[in-house]
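Below is one structure, written out as structure tokens, with a few remarks after it.
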Amino acid sequence: MSGVYVIGADMIRFDRFPERSVPALAAEAALLALDDCGLGIRDMQALWCGNLYQASAMVGQRLLREIGMTGIPVVNVANACATGATAFREAWLALRAGACELALAVGVEQMGKGMLGGLETGGFVAEGVIGSDTTPAMFALIGQEHTRRHGTTFEQFAKVAVKNHHHATLNPKAMYRVETPLAQVMAAEMISYPLTKLMCSVNVDGAAAAVLASEAAVKRLGLGRRAVLVRASAMASDPWDPRDLASTDFSAVTRLAARSAYEQAGLGPGDLDLVELHDCFATAELVHYENLGLCADGEAGRLIDSGETALGGCLPVNVSGGLLSKGHPLGATGIANICEIVQQLRGEAGARQVQGARVGLAHVVGGGQGIGSACAIHVFGKA
Amino acid sequence: MGGAPRPAVPYIHVAADGSCALAGSRCEACGAVYAGEREVCAACCARGRMRSIALATQGRVHTFTTVCRSFPGVPVPFVMAVVDLDGGPALRGTLAGVAPQAVRFGMRVRVEFRDSGQRDADGNPWIAFCFVPATEDGQR
Numbered sequence: 002m003s004g005v006y007v008i009g010a011d012m013i014r015f016d017r018f019p020e021r022s023v024p025a026l027a028a029e030a031a032l033l034a035l036d037d038c039g040l041g042i043r044d045m046q047a048l049w050c051g052n053l054y055q056a057s058a059m060v061g062q063r064l065l066r067e068i069g070m071t072g073i074p075v076v077n078v079a080n081a082c083a084t085g086a087t088a089f090r091e092a093w094l095a096l097r098a099g100a101c102e103l104a105l106a107v108g109v110e111q112m113g114k115g116m117l118g119g120l121e122t123g124g125f126v127a128e129g130v131i132g133s134d135t136t137p138a139m140f141a142l143i144g145q146e147h148t149r150r151h152g153t154t155f156e157q158f159a160k161v162a163v164k165n166h167h168h169a170t171l172n173p174k175a176m177y178r179v180e181t182p183l184a185q186v187m188a189a190e191m192i193s194y195p196l197t198k199l200m201c202s203v204n205v206d207g208a209a210a211a212v213l214a215s216e217a218a219v220k221r222l223g224l225g226r227r228a229v230l231v232r233a234s235a236m237a238s239d240p241w242d243p244r245d246l247a248s249t250d251f252s253a254v255t256r257l258a259a260r261s262a263y264e265q266a267g268l269g270p271g272d273l274d275l276v277e278l279h280d281c282f283a284t285a286e287l288v289h290y291e292n293l294g295l296c297a298d299g300e301a302g303r304l305i306d307s308g309e310t311a312l313g314g315c316l317p318v319n320v321s322g323g324l325l326s327k328g329h330p331l332g333a334t335g336i337a338n339i340c341e342i343v344q345q346l347r348g349e350a351g352a353r354q355v356q357g358a359r360v361g362l363a364h365v366v367g368g369g370q371g372i373g374s375a376c377a378i379h380v381f382g383k384a
Numbered sequence: 416m417g418g419a420p421r422p423a424v425p426y427i428h429v430a431a432d433g434s435c436a437l438a439g440s441r442c443e444a445c446g447a448v449y450a451g452e453r454e455v456c457a458a459c460c461a462r463g464r465m466r467s468i469a470l471a472t473q474g475r476v477h478t479f480t481t482v483c484r485s486f487p488g489v490p491v492p493f494v495m496a497v498v499d500l501d502g503g504p505a506l507r508g509t510l511a512g513v514a515p516q517a518v519r520f521g522m523r524v525r526v527e528f529r530d531s532g533q534r535d536a537d538g539n540p541w542i543a544f545c546f547v548p549a550t551e552d553g554q555r
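Chains A and B are the protein sequences, given in the same order.
Position 182 of the first sequence, counted from 1, bears residue number 183 in this note's numbering, the numbering being contiguous throughout.
Position 14 of the second sequence, counted from 1, bears residue number 429 in this note's numbering, the numbering being contiguous throughout.
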């Protein structure tokens, strides 16, 4: 079977744009990605548009109203924080199936400040009375479970934030570009132990887009030089686990998707040169080191201590700054992670370039307390 | 308290005399245990094999966190715990009656039913539950 390639990928600078509309943000990213490969919206045969907060409002069609109403099929995608990667994967599936040769995948989100979700209205308010439904509390429980099993420390979790904030200083498209020394991270406002405010991702506005092409289209258009091969696209939903219904789990779902992704790509974690993983909270990054097989179970604390997952180490993780510092516009995140991998494999990542990067993995999870989880993993290789 | 007590979550069963229990179900095919009633087993997918059971009101803390910031207006801090009830399942709830720094993994707790203080539109109290520390034999 012939391969599917990313020929264009780009994102807008993540920031807060209260004066702009969701379709306008999406349009800017779409045009950037099209410009990246020298194509236009007229060349696109289908669009997958990921957005969460306006999932019922045809963001994809509104995007085309901004950049060209060519009549192509549009699918609007929502899958919690895995929304963008799900849109990308659906485009990939269509190309694999031969349904089209050139497709556009866009992810976009406009968010308010502060914690996701809010109190129930009109009935019993469970928050505080029966635990907490906040997202940081959910990922605090996950970190604490890791501590219970492996003795992982508050300081080790905090080191993730130090590393990813440092990486973001090298990324002009990141929301926050400031160093946060360990003492500052640990002394920041405690949100849910062991997560301080600097160990929680940033709610921002953002958009990212990718142009996918079949092998035949890449050849016809002569775009092989900068094309990046999609070596695997895998997804999973949370499998049965007795505790998942009590507090949503993101580990089993990641392990399921990772197994499938490595099998498809015909490689293992030892073959990766860089990883963009879903560091929505600092605790998440450490559990996903193990879920993705970057280290053995129980070794994540030692891996962050070793410095090997920082830029310059043997397996840099979240060199973009990650969700923690680049920002986490929910529907855009999955495609922004892919943009980073594509840029790195092309050798175009500037100051944060991972030298000699040939294989990269992008991972996102989505979900929430009481609603389940999704995981999408893509593996990319130099064409 | 006035008015008919209403369960704050579907798996609290309030009897006519006001006494409370945790309602659950067990799959006769695979043994999976759930809070509340259900038709199909999410673990083994068996249909028509769920049986209603009463859940234990004692268990152990599996994981926990101190929530220091919640949604606006919610009093903090409080401890949230995931508790493995004896015989299953795991439940998420607030752990009361213990200082956050005194909570330990594996510590013994029991379920206590409480008037949440909240009322529905007709003035009926919402009955909730929380976990409280217990001794090894389950007594306070």
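The C-beta atom is built at its ideal place from N, Cα and C for all residues, glycine as well.
Boundaries of the beta strand (DSSP E) in which residue i is found, first to last residue
i, result
"A:Tyr6", "Val5 to Met12"
"B:Pro548", "Pro540 to Pro548"
"B:Leu500", "Phe493 to Leu500"
"B:Arg475", "Gln473 to Val482"
"B:Tyr449", "Val448 to Ala450"
"A:Glu277", "Leu275 to Glu277"
"A:Val360", "Val360 to Gly369"
From the options, residue whose alpha carbon lies closest to that of residue i
i, options, result
"A:Glu156", "A:Met116, A:Met200 and A:Glu180", "A:Met200"
"B:Ala458", "B:Ala447, B:Ile468, B:Gln533 and B:Arg464", "B:Ala447"
"A:Ala209", "A:Glu216, A:Leu64 and A:Lys383", "A:Leu64"
"A:Lys198", "A:Val205, A:Ala188 and A:Gly207", "A:Ala188"
"A:Glu283", "A:Gly271, A:Ser193, A:Gln354 and A:Gly313", "Residue 283 of chain A is actually Ala in this sequence, not Glu. Ranking the options by Cα distance to A:Ala283, first place goes to A:Ser193."
"A:Pro137", "B:Arg529, B:Leu510, B:Arg484 and B:Asp537", "B:Arg484"
"B:Gly532", "A:Lys164, A:Val126 and A:Lys114", "A:Val126"
"A:Phe251", "A:Val288, A:Gly351 and A:Ala100", "A:Val288"
"A:Leu171", "A:Gly308, A:Leu103, A:Ala352 and A:Ile305", "A:Ala352"
"A:Arg359", "A:Ala56, A:Ala384 and A:Met59", "A:Ala384"
"B:Val476", "B:Thr509, B:Gly451, B:Ala450 and B:Pro490", "B:Thr509"
"A:Leu346", "A:Pro182, A:Gly269, A:Arg178 and A:Val229", "A:Val229"
"A:Arg150", "A:Gly118, A:Ala34, A:Gly302 and A:Ala83", "A:Gly302"
"A:Asp16", "A:Asn338, A:Gln344, A:Asn165 and A:Gln111", "A:Gln111"
"A:Ile260", "A:His379, A:Val179 and A:Asp245", "Per the sequence shown, residue 260 of chain A should be read as Arg rather than Ile. Out of A:His379, A:Val179 and A:Asp245, A:His379 has the C-alpha closest to the C-alpha of A:Arg260."
"A:Gly371", "A:Ala34, A:Val163 and A:Ala247", "A:Ala247"
Continuous alpha helix (DSSP H) stretch holding residue i: start and end
i, result
"A:Trp93", "Thr84 to Arg97"
"A:Met176", "It is not in any alpha helix (DSSP H) - A:Met176 carries neither H nor E in the DSSP assignment."
"A:Ala104", "A:Ala104 -> not in any alpha helix (DSSP H); beta strand (DSSP E) instead, spanning Leu103 to Glu110."
"A:Ala375", "Run containing A:Ala375: none in the alpha helix (DSSP H); it sits in the beta strand (DSSP E), Gly373 to Lys383."
"A:Ile143", "Thr136 to His151"
"A:Tyr263", "Ser252 to Ala266"
"A:Arg66", "Val60 to Ile68"
C-beta atoms of residue i and residue j nearer than 9 angstroms
i, j, result
"B:Pro515", "B:Pro548", "no"
"A:Ala333", "A:Met236", "no"
"A:Val276", "A:Leu362", "yes"
"A:Ile336", "A:Phe89", "yes"
"A:Leu293", "A:His364", "yes"
"A:Ile131", "B:Arg507", "yes"
"A:Leu48", "A:Leu96", "no"
"A:Val78", "A:Cys50", "yes"
"A:Glu341", "A:Val318", "no"
"A:Asn52", "A:Gly108", "yes"
"A:Ala31", "A:Glu102", "no"
"A:Ile73", "A:Gln46", "yes"
Contact test: residue i Cβ vs the ligand COA heavy atom, cutoff 8 angstroms
i, result
"A:Val7", "As for the ligand COA, it is missing from this structure, which has no ligand bound."
7 angstroms Cβ cut-off: residues of chain A touching residue i
i, result
"B:Gln533", "Phe125 and Val126"
"B:Ala505", "Pro243, Arg244 and Ala247"
"B:Ala458", "Trp241"
Per-residue contacts from residue i into chain A (C-beta, under 8 angstroms)
i, result
"B:Cys483", "Glu190, Met191, Ile192, Ser193 and Tyr194"
"B:Ala543", "Phe125, Ala127, Val130 and Ile131"
Under 8 angstroms from the C-beta of residue i: neighbouring residues of chain B
i, result
"A:Met200", "The contacting residues do not exist; A:Met200 stays about 12 angstroms from chain B at best."
"A:Glu291", "Correct list: empty, because the minimum Cβ distance to chain B is about 16 angstroms."
Per DSSP, cross-strand counterpart(s) of residue i
i, result
"B:His428", "B:Ala436"
"A:Ala237", "A:Cys376"
"B:Pro422", "B:Ile542"
"B:Phe364", "Residue coverage of chain B in this structure runs from 416 to 555, which leaves residue 364 of chain B outside it and unanswerable."
Chain B contact residues for residue i, given Cβ-Cβ distances below 9 angstroms
i, result
"A:Glu156", "In chain order: nothing, as chain B lies at least about 17 angstroms away."
Listed by chain order, chain B residues near residue i by CB distance under 7 angstroms
i, result
"A:Ser133", "Val482, Ser485 and Met495"
"A:Arg149", "Thr478 and Phe520"
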